[in-house]
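Undergrad:
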Amino acid sequence: MYGLIGKMLTEPGQRDVVIDILLRGTEAMPGCRSYIVARDPSNENAIWITEAWDSAEQHRASLALPSVQQAIAEARPHITGFGERFETEPVGGHGI
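Using our numbering, the first residue of the sequence shown is number 42, and each one after it goes up by one.
Here it is, written out as structure tokens:
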């Protein structure tokens, strides 16, 4: 499996807008076992995204899906940057 944990930074006051966009654009992604979007309680402009996939290839392929492309285009104007990014190898757990 392939895992990814990343921090996204948004314009002030736009975090919930970006969260809504991200959640709308990710309903059906082949190979995605888990996709979690979370508010950072210590930074009002930060979002953490935690993903688990069957493979890195399926994650890369998801970026070309029309729904994901639409979400990226809609969210991009509100994103100011990215923070930490960690690749992992999930081995199991609840929901996987």
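C-beta: ideal position from N, C-alpha, C; glycine also. As the structure is a prediction and not an experimental result, all values here were calculated from the model.
Using 8 Å as the threshold, is the segment 107-123 in touch with the segment 56-63, meaning 3 or more CB pairs across them?
TA: Output reads yes: the segment 56-63 touches the segment 107-123.
Undergrad: State buried or exposed for Thr51, treating a residue as buried only when at least 16 other CB atoms are found within 10 Å of its CB.
TA: Flag for Thr51 reads buried.
Undergrad: Ile77 lies in the beta strand (DSSP E); which residues open and close that run?
TA: It spans Cys73 to Arg80 - the beta strand (DSSP E) in which Ile77 sits, taken as one unbroken run.
Undergrad: Among the residues of its own chain, which have a CB less than 7 Å from the CB of His119, if the five just before and after it don't count?
TA: Hits under 7 Å: Thr51, Glu52, Gln55, Val58 and Val59.
Undergrad: Does the beta-carbon of Ala69 have 16 or more other beta-carbons within 10 angstroms, so that it is buried, or is it exposed?
TA: Exposed.
Undergrad: Judging by CA-CA distance, which residue of Asn84, Glu85 and Arg74 is the nearest neighbour of Glu92?
TA: Nearest of Asn84, Glu85 and Arg74 to Glu92, Cα basis: Arg74.
Undergrad: Under 8 Å by Cβ, that's how I've got Gly47 and Ile90 pegged, so tell me the actual separation to the nearest angstrom.
TA: Confirmed, about 5 Å.
Undergrad: From the DSSP output, which residues share a beta bridge with Glu92?
TA: Paired residue(s): Leu45 and Tyr76.
Undergrad: According to DSSP, is Ile137 part of a helix, a strand, or is it coil?
TA: Ile137 falls in the coil class under three-state DSSP.
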